[in-house]
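Here the structure is laid out as structure tokens; the discussion comes afterwards.
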Amino acid sequence: MIRDRIGVLVWSTGVVIVGLATCRAVGQSPVGSQPQPTEPVCRRQGALHRMWHHASHAVHDRFIGDPDTFREPPLGMYVREQFAVQTAKADQHRFMLYKTDFLPGENRFSPTGASRFNLMYGRMPGWIGPITVEWTPDEPELAESRRQAVLETMARAGRPLPAERVVVGPSFYPGQMGTEAVNNQGNIISRSQGAATTYSVTPQLGLSAFGGGSQ
């Protein structure tokens, strides 16, 4: 059965190729001593050529389409824009060294900070922004010492940076203060405790509606 299908496919492909070649040969004007017309002449092509021409245009117009003529961009455009926004927000985090990336009170990397620095070092060729070292408002000299340590480490690793590429600044994601976190946790606990009395486990209205009687 498979051999028969392959044979039919080969035979039909050969017929199409021969037909197109024949139509092309028929459409050509014979070589002779007659003068060539000065005006272009519209020559009618063969049936197979016309069928292929119209079928390809129909598939393009009704199935593939022209993205430039869409009333709204395709779905992939919005997905790419969303991914671009996520990547742009993540870049600020990728190229920032937090307090926990250093040993307490020192300018040496912690194990986590060393891993982050290695990743940051490999991503530097594709990053044109600064490297931010989280500030320490209570000890400004500590943050400056860490900034200088980052510059020196980059230089020793073979990728020296200008001094303005490493800056000191606050975290882009500061989070909440301790009092705010306690209040939020209290709200969650109170709502969980009051859910049993506010929302009945077995609503009487639903049971009476399906039971056919009133309670």
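If you count the sequence shown from 1, you need to add 53 to reach the numbering used here. Where a beta carbon is used, it is the ideal one built from N, C-alpha and C, also for glycine. Quick caveat, the model's predicted, so the values are computed rather than measured.
Rounded Cβ spacing between residue i and residue j (contact assumed at less than 8 Å)
| i | j | result |
| --- | --- | --- |
| residue 168 | residue 155 | Between residue 155 and residue 168 the Cβ distance is about 13 Å, and since that is not below 8 Å, they are no contact. |
| residue 202 | residue 171 | That pair is no contact at about 15 Å. |
| residue 152 | residue 189 | 7 Å |
| residue 225 | residue 139 | That pair is no contact at about 14 Å. |
| residue 195 | residue 247 | Wrong, their Cβ atoms sit about 47 Å apart, outside the cutoff. |
| residue 207 | residue 215 | About 10 Å; that fails the 8 Å criterion. |
| residue 210 | residue 174 | 6 Å |
Residue range of the beta strand (DSSP E) that includes residue i
| i | result |
| --- | --- |
| residue 272 | Summary: the structure shown does not reach residue 272, with the chain confined to residues 54 through 268, and so no result is reported for it. |
Continuous alpha helix (DSSP H) stretch holding residue i: start and end
| i | result |
| --- | --- |
| residue 231 | 231-251 |
| residue 129 | 128-147 |
| residue 222 | Segment 219-222 is the beta strand (DSSP E) holding residue 222; no alpha helix (DSSP H) there. |
| residue 207 | 193-209 |
Check whether residue i and residue j have beta carbons under 8 Å apart
| i | j | result |
| --- | --- | --- |
| residue 183 | residue 220 | yes |
| residue 148 | residue 105 | no |
| residue 186 | residue 199 | yes |
| residue 129 | residue 150 | no |
Residue i beta carbon near the ligand FAD (any heavy atom closer than 7 Å)
| i | result |
| --- | --- |
| residue 159 | Ligands displayed in this structure: none; no statement on the ligand FAD is therefore possible. |
Residues that residue i bridges to, as DSSP identifies them
| i | result |
| --- | --- |
| residue 150 | 186 |
| residue 162 | 155 |
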